[in-house]
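2 protein chains.
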Amino acid sequence: MAIAAVRLNQLVETKARILDAAREAVALSGWKDAQIALIAARAGVATGSVYRYFDSKADLYAQVLGLVSEREVAVVAAIVEAEGSASQCLVDAIYTFSVRAMRGRRLAYALIAEPCEPEIDAARLKYRAALADQIARLVRRGIANGEFVEIDANVAASCVTGAFMEALVGPLAPEAAPDSDAAKAIAQSIAGLAARMLFRHATPELTPVSRASA
Amino acid sequence: MAIAAVRLNQLVETKARILDAAREAVALSGWKDAQIALIAARAGVATGSVYRYFDSKADLYAQVLGLVSEREVAVVAAIVEAEGSASQCLVDAIYTFSVRAMRGRRLAYALIAEPCEPEIDAARLKYRAALADQIARLVRRGIANGEFVEIDANVAASCVTGAFMEALVGPLAPEAAPDSDAAKAIAQSIAGLAARMLFRHATPELTPVSRASA
DNA sequence: TGTATTCATGAATTAAGGTTCACTATGGCA
DNA sequence: TGCCATAGTGAACCTTAATTCATGAATACA
């Protein structure tokens, strides 16, 4: 039993290694290198082995995208849950998401904007929807306590999500390369703007200092 | 010379027929039917003939996307140029774009959100950029005359463009099917929200009646 | 009418990478 | 030690459309 567990661990580990290799490849040079043979080589396994862990290429990359997305969605979710005004949480969430994206720019670009296969495109839609869901919760809170204008929470969440995602496309593009300070400034503009959509009254401060390091 | 002109016309006409066929096919059932052989049949020419007019499949679809986009960008540009407050023009532009998109829902879905080949994805980015450029002009005007908050016009334009585009994804999806009235209501929500991002003061009326029929 | 040029045809070819599978290696177990 | 189940291997296979091209038809012009 103990040894069977070791064996199971190896399986889990190999799968993780393939997922990692795939993520790294995408983070390094985008979808053009998202080829089974290349990823297998990078993971140190044979091409065929990939198919012991994943049904298909689409499955593999959907899982890669899912893993990375989950992490980002979780970060946003944590900020959404945080205490404080809905307005401030919204600004923080967008700011943090943006800064993190620009920190891992190549991967973020691949996940958000880079032209890619239809299957990956489809997985992206889910990712965006998951993000929008988190934002929607925050929107409802803000509407409930009077901070935000009264509007359909899902429409509002889509608008907010679209706003900051689209605004990131330019800064994330490989030919752009804002340094850390520029990235923070961009993130602040984006967060301030996108959140303004919903504010009933004045704009809150755009200085999400504390949670920004998340 | 006279006859050469006739001949030239036929060439132009055939090319147009292929473009039309491609557009129709996409408008009918999306990118899955965007196949050279199918489009050729639909246009009433042989498969090989398509290659007398287009370098490649990617070229053909880039041109299809370009043609349709140009029209929409032109509509937006006209509203951007129109007299009146920048705020009102912004709301009108977004409203009109949204209503038009939902009127030609399947094609709009394909152009905006449907998972597709990387080459088409790439063409989409240009389309969005062109739209954002128009919005940016309006943003500059609004900033100049004090209607809008002072903010980088390009970032702002991206946010606005992203906001309404993303908000349209849901309503445009094939499984959704808002009727004409519902579509107008959605368009109004979107336009009102997206534009609010920029307003320095109060929200203007969300009743872009006159230009909405454009 | 003859001929050169251009255009159209669509079956055959190509390409590129995803997927399979017959075989081998490994490690647990009696 | 020998056997079995499970994991690994990677070259060969397939699939699916895009693309080509040898051939034929049509047109302009002398």
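Taken in sequence, the protein lines are chains Z and G. Counting from 1, one number per residue, gives the positions in the first sequence under the numbering used here. Counting from 1001, one number per residue, gives the positions in the second sequence under the numbering used here. For each residue, glycine too, the CB sits at the ideal point set by N, CA and C.
Do the CB positions of residue i and residue j come within less than 8 angstroms of each other?
| i | j | result |
| --- | --- | --- |
| SER1098 of chain G | ALA1156 of chain G | no |
| ALA163 of chain Z | GLY1044 of chain G | no |
| ARG106 of chain Z | LEU8 of chain Z | no |
| TYR1127 of chain G | LEU1065 of chain G | yes |
| THR1047 of chain G | ALA1040 of chain G | yes |
| ALA34 of chain Z | ALA25 of chain Z | yes |
| CYS116 of chain Z | PRO1118 of chain G | yes |
| VAL68 of chain Z | ARG23 of chain Z | yes |
| TYR95 of chain Z | ALA191 of chain Z | yes |
| TRP31 of chain Z | GLU114 of chain Z | yes |
| ALA195 of chain Z | VAL91 of chain Z | yes |
| LEU1019 of chain G | GLN1063 of chain G | yes |
| SER189 of chain Z | ASP1152 of chain G | yes |
To which residues of the same chain is residue i closer than 6 angstroms at the C-beta, ignoring the five residues directly before and after it?
| i | result |
| --- | --- |
| ALA1101 of chain G | ALA1108, LEU1168 |
| ILE120 of chain Z | TYR61 |
| ALA183 of chain Z | MET102 |
| ALA1130 of chain G | VAL1073 |
Would you call residue i buried or exposed, if buried means 16 or more other Cβ atoms sit within 10 Å of its Cβ?
| i | result |
| --- | --- |
| PRO1171 of chain G | buried |
| HIS201 of chain Z | exposed |
| PRO174 of chain Z | exposed |
| ARG71 of chain Z | exposed |
| GLU1150 of chain G | exposed |
| MET1 of chain Z | With a pLDDT of 41 at MET1 of chain Z, under the threshold of 50, the predicted position of this residue should be treated as unreliable, though the coordinate-derived value follows. By the 10 Å Cβ count, MET1 of chain Z comes out exposed. |
| GLU205 of chain Z | Low per-residue confidence applies at GLU205 of chain Z: pLDDT is 47, beneath 50, and the placement is therefore not dependable enough to give any value. |
| ALA123 of chain Z | buried |
| LEU193 of chain Z | buried |
| VAL12 of chain Z | exposed |
| ALA177 of chain Z | exposed |
| SER210 of chain Z | Unreliable placement is indicated for SER210 of chain Z, whose pLDDT of 42 sits below 50; the coordinate value is still reported in the next sentence. So SER210 of chain Z ends up on the exposed side. |
| ALA1185 of chain G | exposed |
| ALA144 of chain Z | exposed |
Following the continuous alpha helix (DSSP H) through residue i, name the residue where it begins and the one where it ends.
| i | result |
| --- | --- |
| ASP1181 of chain G | 1180-1196 |
Using a Cβ-Cβ cutoff of less than 7 angstroms, which residues in the same chain neighbour residue i once the five nearest sequence positions on both sides are dropped?
| i | result |
| --- | --- |
| VAL1080 of chain G | CYS1089, ALA1093, GLN1134, ARG1137, LEU1138 |
| LYS1015 of chain G | TYR1053 |
| LEU1038 of chain G | ALA1025 |
| ALA1077 of chain G | GLN1134 |
| ILE36 of chain Z | THR47, VAL50, LYS57 |
| ASP270 of chain Z | Absent from the structure is residue 270 of chain Z, since the part of chain Z shown begins at 1 and ends at 214. |
Just to confirm my understanding: we take residue i, look at its own chain, exclude 5 residues before and 5 after, and list those with CB closer than 8 angstroms. What are they?
| i | result |
| --- | --- |
| ASN154 of chain Z | ALA132, ALA136 |
| PHE1148 of chain G | ALA1086, SER1087, VAL1139, GLY1142, ALA1156, LEU1198, PHE1199, ARG1200 |
| ILE112 of chain Z | ALA101, ARG124, MET165, LEU168, VAL169, LEU172 |
| GLY146 of chain Z | ARG200 |
| ALA110 of chain Z | VAL26, ALA27, GLY30, TRP31, CYS116 |
| ARG1017 of chain G | ALA1043, GLY1044, VAL1045 |
| GLY1104 of chain G | ALA1027 |
(request) Quick one: which unbroken alpha helix (DSSP H) runs of 4-plus residues sit fully inside the stretch 1001-1085 of chain G? Chain order, please. (result) 1002-1029, 1036-1043, 1047-1053, 1057-1081
(request) Could you pull out every unbroken alpha helix (DSSP H) segment of at least 4 residues lying fully inside the stretch 102-164 of chain Z, listed in chain order? (result) 105-112, 118-144
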